[in-house]
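In the working numbering, the protein residues as written are 80 to 373.
C-beta atoms are modelled at their ideal positions from N, C-alpha and C, and glycine is treated no differently.
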């Protein structure tokens with residue numbers, strides 16, 4: 080009996096994951112019976128799968144606790160990747176403090192809890208967004224000395240009981256973008272470059288995610304060193320998948336912008352053989368839990 084695998088999506092993201100078709104094809108070639116299923120569809124029998132893989136659950140940020148409750152429930156009836164304890168910690172970007180404490184270079188970040196003052200703001204271009212966010216939603220790029228727009232966003236986010244984070248805008252993003260380093264089955268797989276998303280003075284992103292400009296990129300040795308230090312610092316060894324986004328700081332050295340361990344795009348279509356590598360990794364983990372017929 081082939082292993083049954085669910086690629087967890089969301090009703091709001093149904094059919095729009097560009098990696099999904101190629102991954103489904105690669106899983107079929109690997110002898111796995113895989114299908115997409117929405118995490119917020121109460122009709123899905125998650126216990127009927129040997130493995131549930133989080134893929135395009137891109138709407139979790141606005142209802143994080145509901146999503147985490149669902150994830151815990153799935154983990155009680157079958158195997159889920161990545162594991163709930165990893166996802167719970169990773170869905171709040173306060174994990175950046177853990178990385179900084181561990182000595183991993185990160186983009187400097189200040190977290191502002193509800194009831195705390197957003198001031199003082201950086202004296203350079205900066206970014207304001209919720210600490211629980213995805214797809215660049217509710218994110219503002221602000222100019223030095225700007226107060227009205229970031230204050231308005233902070234009031235709204237705080238009014239929803241969420242934490243605000245403030246980061247300097249990293250200038251290198253405008254000409255070099257970000258480097259996204261993708262890991263499969265605990266090993267580095269491939270990298271891509273993501274162009275700048277936030278234009279000066281732009282409004283917050285609407286929809287599930289901002290449009291992305293993507294190109295292939297060869298990760299430098301320094302970028303790989305930083306990314307490979309970030310994962311164990313978060314207890315993220317040998318995960319089915321991971322993505323570490325790094326940017327060049329003001330001195331040209333790579334710093335972690337974020338570590339995506341929940342539902343990251345892995346840009347499988349842009350790296351030859353990546354979909355097949357991911358499918359083999361999924362198949363291996365799924366077959367550990369295959370139920371044999373009597």
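{"Check": "Same chain, Cβ closer than 6 Å to residue 123, neighbours up to 5 away in sequence not counted", "Outcome": "116"}
{"Check": "Minimum Cβ-Cβ distance from residue 179 to chain B less than 8 Å", "Outcome": "Among the chains of the structure shown, chain B does not appear; only one protein chain is present."}
{"Check": "Bridge-paired residues (DSSP) for residue 326", "Outcome": "334"}
{"Check": "Boundaries of the alpha helix (DSSP H) in which residue 303 is found, first to last residue", "Outcome": "300 to 312"}
{"Check": "Cβ-Cβ separation, residue 171 to residue 206 (assumed contact under 8 Å), whole Å", "Outcome": "In fact, because the Cβ distance is near 17 Å, the residues do not count as touching under 8 Å."}
{"Check": "Endpoints, the alpha helix (DSSP H) within which residue 262 is located", "Outcome": "Run containing residue 262: none in the alpha helix (DSSP H); it sits in the beta strand (DSSP E), 257 to 263."}
{"Check": "Backbone CA spacing between residue 96 and residue 84 [nearest angstrom]", "Outcome": "17 Å"}
{"Check": "DSSP three-state assignment for residue 271, whether helix, strand or coil", "Outcome": "strand"}
{"Check": "Three-state secondary structure (DSSP) of residue 100", "Outcome": "helix"}
{"Check": "Cβ distance (whole Å) where residue 271 is taken to contact residue 296 below 8 Å", "Outcome": "6 Å"}
{"Check": "One or two residues paired with residue 115 in a DSSP bridge", "Outcome": "86"}
{"Check": "Same chain, Cβ closer than 6 Å to residue 163, neighbours up to 5 away in sequence not counted", "Outcome": "150, 151 and 154"}
{"Check": "Other residues of its chain near residue 347: CB distance less than 7 Å, five sequence neighbours each side excluded", "Outcome": "98, 101, 102, 353, 354 and 357"}
{"Check": "Residue burial classification, residue 322 (beta-carbon count within 10 angstroms, cutoff 16)", "Outcome": "buried"}
{"Check": "Residues near residue 310 by beta carbon distance below 8 Å, same chain, minus five either side", "Outcome": "262, 316, 318, 321, 323 and 338"}
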